[in-house]
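Structure first, commentary second.
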Amino acid sequence: MSLSSASPLPRINAGRSALWLLAGLTMLFLLAPIAVIIVVSFNDTTLFSFPPSRWSLRWYHALWESRAWREAGWFSLWLASLVALASLLIGVPAAYGLAKGRFPGRRLAEALLISPMVVPVIVLALGLYMLFSKLGLIGTPTSLFLAHTLLALPVVIVIVGAAFRRLDGSIELAARSCGASFPRAFWHIVLPAIRPALISAGAFAFLTSFDEVVLTLFLGGPRTTTLPKKIWESVKFELDPSLTAVSTILIIVSIAALLLVELARRSRIQRQAKEAL
Amino acid sequence: MTLVAASAVPSVKAARAWRARPGLMIAGALAFCAIVYLLPMLSLFGWAFQGQGSSGASLAQLSRLIGDDTYHYAFFTTFKIAAITTLICALIGYPYAYLMATTGPRLAMLLTAAVMIPFWTSVLARSLAWMILLGRKGVVNEWLTGLGLLERPAALLFNSIGVQIGMVHVLLPFMVLPIWSILSRLDPGLPRAARSLGASPAAAFIHVTLPLSLPGLAAGATLVFMFAIGFYITPALLGGPNDLTIASLIEMVVRDLLDWPFGAMLSLALLGLVALVFACGAAFAGAGRIAGMEGR
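Taken in sequence, the protein lines are chains R and H.
Residues 17 to 293, numbered by the numbering used here, are exactly what the first sequence covers, in order.
Residues 626 to 921, numbered by the numbering used here, are exactly what the second sequence covers, in order.
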């Protein structure tokens, strides 16, 4: 999806200001909760007062001091990185096969591989719980790794598949006719050509795992505490101000990932512009 | 393209292998999904229709589901929440997407960022933010009473108002993005032609732009409704005891009552509803338009 493809539809001048007022209020609605939680996390009191009367980093300090939060943070980071890697490893070839291949059952395979996105997570969670308890995997990091990869895989297939469909097939054919083997052409020509999509897919696969709650609650145990799981347990128990600090960290990770994706997209557009000159 | 491929690759055998390979490349993902996705779905069927003791299949769980009003109530609540969420998202999302598609690139970028940042931000963090904002001593109540708009703090949290606010916040991007996608690709000549033939701006919008963008609206409404009926986190955190949704019911039946067979039956019912909504939406908007927008 390109961000800046505004088309000159005729403007409804009469209602234009009303439209902008509505859009402004919608933006406020969309962004206010995120802004408020970030600001409140720098509060010095135990109350969630906004705006804070005194500013401090005490809740971040409390997080850092807490071994449980630190361990949850590292575990989340590791898990999400492995999930991103694994979903790229199986998702990128699959996206290529679906975009370029012509074989019976292609559409069915595509529907199957994308459908985990639409199935309610609670349904996936229960099904996986039944399977994993039979295999003795409940409460192990493996169960979360498999379950999160299942959610991240369609994200990778949709994003990378769209890039493969846009890709001009003749560059690959050129490499092949110059004698490159298929793996060589794929690795040196095809993959570099879609690098921005690979970065987006990796970033969004990472976030899918990093923010996941429901599967983690169902399939996890004491050994598999991620940041969202620990937040969930604290929210249910009592509202602790350090939760605003963890939430801020989750939000910053998301924004960083989005910036990374946007930078990758722009670098491609700039390169294309240079090549056109 | 197949012809070009065949002529570029030396031998016929190699050409065949080249065409077959993309099919082989999906093998890894298919094997993974067979084990981690199809097998769990099959075990749901197994548990839901399992007979007493060792005697084959039974419809006992299904008749429990059909026979009890408590469960009907959860389905009704879920549908009510999903319908209101979809309606509000359409009312707010359409004008927003229209502006995104018709304004200059810089403002469009700003409007897009305001949708994409919450879209990719943890639902849990956002629900927590709403808990802070909407509580009795929360920011919204403090400000509304401070401005004299309210005499006493209003109950905005742990009831259906809280659930609706949280749900619209989570699902609005799923409405905005498909509508924006279709509006930004619309031929600007069409409404312009209507204008030059004497239509007022409002008439050009109602008779030309709006009908052409309806597939986007249908795709957005399908996505929002579909995700709303299966949503767990937001109703569980922002809702009260009267806001028991199907997803919360499943969690309760499985975790508290340890009733796996009935939990499995509820899950299948929910899955069936999601499939039904998808099929209705696909009939209006086309499956591809809906699937292309499954950003998350």
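C-beta atoms are modelled at their ideal positions from N, C-alpha and C, and glycine is treated no differently.
Because the structure is a prediction, the values reported are computed rather than measured.
Could you tell me whether the Cβ atoms of residue i and residue j are closer together than 8 Å?
{"i": "VAL902 (chain H)", "j": "PHE830 (chain H)", "result": "no"}
{"i": "GLY177 (chain R)", "j": "LEU104 (chain R)", "result": "no"}
{"i": "CYS714 (chain H)", "j": "LEU797 (chain H)", "result": "yes"}
{"i": "LEU144 (chain R)", "j": "ALA163 (chain R)", "result": "yes"}
{"i": "VAL137 (chain R)", "j": "TYR857 (chain H)", "result": "yes"}
{"i": "PRO132 (chain R)", "j": "LEU142 (chain R)", "result": "no"}
{"i": "GLY155 (chain R)", "j": "GLY31 (chain R)", "result": "no"}
{"i": "ILE173 (chain R)", "j": "ALA209 (chain R)", "result": "no"}
{"i": "LEU266 (chain R)", "j": "ALA750 (chain H)", "result": "yes"}
{"i": "PRO998 (chain H)", "j": "VAL788 (chain H)", "result": "This structure gives no information on residue 998 (chain H), because the portion of chain H shown stretches from 626 to 921."}
{"i": "THR847 (chain H)", "j": "ILE915 (chain H)", "result": "yes"}
{"i": "LEU811 (chain H)", "j": "LEU837 (chain H)", "result": "yes"}
{"i": "PHE300 (chain R)", "j": "ALA96 (chain R)", "result": "There is no way to answer for residue 300 (chain R), as the model of chain R reaches only from 17 to 293."}
{"i": "LEU41 (chain R)", "j": "ALA739 (chain H)", "result": "no"}
Starting from residue i, find everything on chain R with Cβ-Cβ shorter than 7 Å and list it in chain order.
{"i": "VAL795 (chain H)", "result": "Those do not exist, as VAL795 (chain H) stays about 11 Å from chain R at its closest Cβ, beyond 7 Å."}
{"i": "ALA872 (chain H)", "result": "PRO136 and ILE138"}
{"i": "TYR857 (chain H)", "result": "VAL137, ILE138 and VAL230"}
{"i": "SER688 (chain H)", "result": "Those do not exist, as SER688 (chain H) stays about 20 Å from chain R at its closest Cβ, beyond 7 Å."}
{"i": "PRO720 (chain H)", "result": "LEU35, LEU38 and ALA39"}
Using a C-beta to C-beta distance shorter than 9 Å, which residues of chain R count as neighbours of residue i?
{"i": "ARG751 (chain H)", "result": "PRO49, ILE50, ILE53, SER263 and ILE267"}
{"i": "MET877 (chain H)", "result": "Those within 9 Å of MET877 (chain H) in chain R number zero; the least Cβ separation is about 11 Å."}
Take the Cβ of residue i as the centre, count every other Cβ of all protein chains shown within 10 Å, and call the residue buried at 16 or more, exposed below.
{"i": "ASN867 (chain H)", "result": "exposed"}
{"i": "GLY773 (chain H)", "result": "exposed"}
{"i": "ALA273 (chain R)", "result": "buried"}
{"i": "TYR698 (chain H)", "result": "exposed"}
{"i": "ALA22 (chain R)", "result": "Here the model assigns ALA22 (chain R) a pLDDT of 46, short of 50, so the residue's position is not dependable and the matter cannot be decided."}
{"i": "LYS245 (chain R)", "result": "buried"}
{"i": "GLN286 (chain R)", "result": "exposed"}
{"i": "GLU876 (chain H)", "result": "buried"}
{"i": "ARG86 (chain R)", "result": "exposed"}
{"i": "PRO6 (chain R)", "result": "This structure leaves residue 6 (chain R) out entirely; chain R is present only between 17 and 293."}
{"i": "PRO49 (chain R)", "result": "buried"}
{"i": "LYS116 (chain R)", "result": "buried"}
{"i": "GLU81 (chain R)", "result": "exposed"}
{"i": "PHE363 (chain R)", "result": "Residue 363 (chain R) is absent from the model: chain R starts at 17 and stops at 293."}
{"i": "GLY676 (chain H)", "result": "exposed"}
{"i": "GLU126 (chain R)", "result": "buried"}
{"i": "VAL634 (chain H)", "result": "Low local confidence applies: a pLDDT of 45 at VAL634 (chain H) is under 50, so the model's placement there is unreliable, with the coordinate-based value given in what follows. By the 10 Å Cβ count, VAL634 (chain H) comes out buried."}
{"i": "ILE660 (chain H)", "result": "exposed"}
{"i": "ASP693 (chain H)", "result": "exposed"}
For residue i, return the contacting residues in chain R, with the cut-off set at a CB-CB distance below 8 Å.
{"i": "CYS658 (chain H)", "result": "LEU128, LEU129, PRO132, LEU166 and LEU169"}
{"i": "ALA708 (chain H)", "result": "None at all; the shortest Cβ gap to chain R is about 17 Å."}
{"i": "LEU862 (chain H)", "result": "VAL251"}
Closest by CA to residue i, which one among the options?
{"i": "THR710 (chain H)", "options": "H:MET800, H:ALA912, H:THR770 and H:ILE915", "result": "H:MET800"}
{"i": "LEU44 (chain R)", "options": "H:LEU736, H:LEU664 and H:ALA654", "result": "H:LEU736"}
{"i": "PHE783 (chain H)", "options": "H:PRO840, H:LEU753, H:VAL795 and H:LEU815", "result": "H:LEU753"}
{"i": "TYR112 (chain R)", "options": "H:PHE704, H:VAL879, H:PRO665 and H:PRO647", "result": "H:PRO647"}
{"i": "PHE887 (chain H)", "options": "H:ILE871, H:LEU898 and H:LEU749", "result": "H:ILE871"}
{"i": "ALA78 (chain R)", "options": "R:ASN59, R:ARG123 and R:LEU95", "result": "R:ASN59"}
{"i": "VAL765 (chain H)", "options": "H:LEU781, H:ASP812, H:ALA750 and H:ARG751", "result": "H:LEU781"}
{"i": "ILE691 (chain H)", "options": "H:ALA654, H:THR728, H:LEU891 and H:THR770", "result": "H:LEU891"}
{"i": "LEU758 (chain H)", "options": "H:LEU874, H:ILE786 and H:GLY676", "result": "H:ILE786"}
{"i": "LEU114 (chain R)", "options": "R:ALA179, R:ILE271, R:SER69 and R:VAL230", "result": "R:ALA179"}
{"i": "GLY906 (chain H)", "options": "H:ALA844, H:ASP693, H:ASP884 and H:VAL878", "result": "H:ALA844"}
{"i": "PRO840 (chain H)", "options": "H:PRO826, H:TYR719 and H:LEU655", "result": "H:TYR719"}
{"i": "PRO803 (chain H)", "options": "H:LEU882, H:TYR721, H:ALA819 and H:SER873", "result": "H:TYR721"}
{"i": "ILE807 (chain H)", "options": "H:ALA707, H:THR727 and H:ALA685", "result": "H:THR727"}
{"i": "MET792 (chain H)", "options": "H:GLY864, H:TRP805, H:ALA910 and H:PRO816", "result": "H:GLY864"}
{"i": "TRP805 (chain H)", "options": "H:MET725, H:ALA853 and H:GLY653", "result": "H:MET725"}
{"i": "LEU214 (chain R)", "options": "R:TRP75, R:LYS150 and R:VAL171", "result": "R:VAL171"}
{"i": "PRO665 (chain H)", "options": "H:VAL899, H:TYR696 and H:ALA889", "result": "H:ALA889"}
{"i": "GLY763 (chain H)", "options": "R:LEU183, R:SER33, R:SER65 and R:GLY107", "result": "R:SER65"}
With which residues is residue i paired in a DSSP beta bridge?
{"i": "GLN675 (chain H)", "result": "H:ALA682"}
{"i": "TRP71 (chain R)", "result": "R:ASN59"}
Find the residues of chain H that neighbour residue i, judging by a C-beta separation of less than 7 Å, and give them in chain order.
{"i": "TYR76 (chain R)", "result": "Result: empty, since nearest Cβ-Cβ is about 15 Å, beyond 7 Å."}
{"i": "LYS116 (chain R)", "result": "PRO647"}
{"i": "VAL56 (chain R)", "result": "ILE757"}
Give the interface partners of residue i over in chain H, defined as CB-CB distance under 9 Å, in chain order.
{"i": "ILE247 (chain R)", "result": "SER747, LEU749, ALA750 and LEU753"}
{"i": "GLY113 (chain R)", "result": "ARG646, PRO647, GLY648, LEU649, MET650, ILE651, ALA652 and ALA654"}
What does residue i reach in chain H if we use C-beta pairs closer than 8 Å?
{"i": "ILE106 (chain R)", "result": "GLY653, ALA654 and PHE657"}
{"i": "SER270 (chain R)", "result": "ILE742, TRP745, THR746 and SER747"}
{"i": "ALA144 (chain R)", "result": "Note that residue 144 (chain R) is Leu in the sequence shown, not Ala. Simply VAL661 and PRO665."}
Identify each residue in the region 219-230 of chain R for which the Cβ-Cβ distance to at least one residue of chain B is less than 7 Å, and report them in chain order.
-> In the structure shown, chain B does not exist; the protein chains are R and H.
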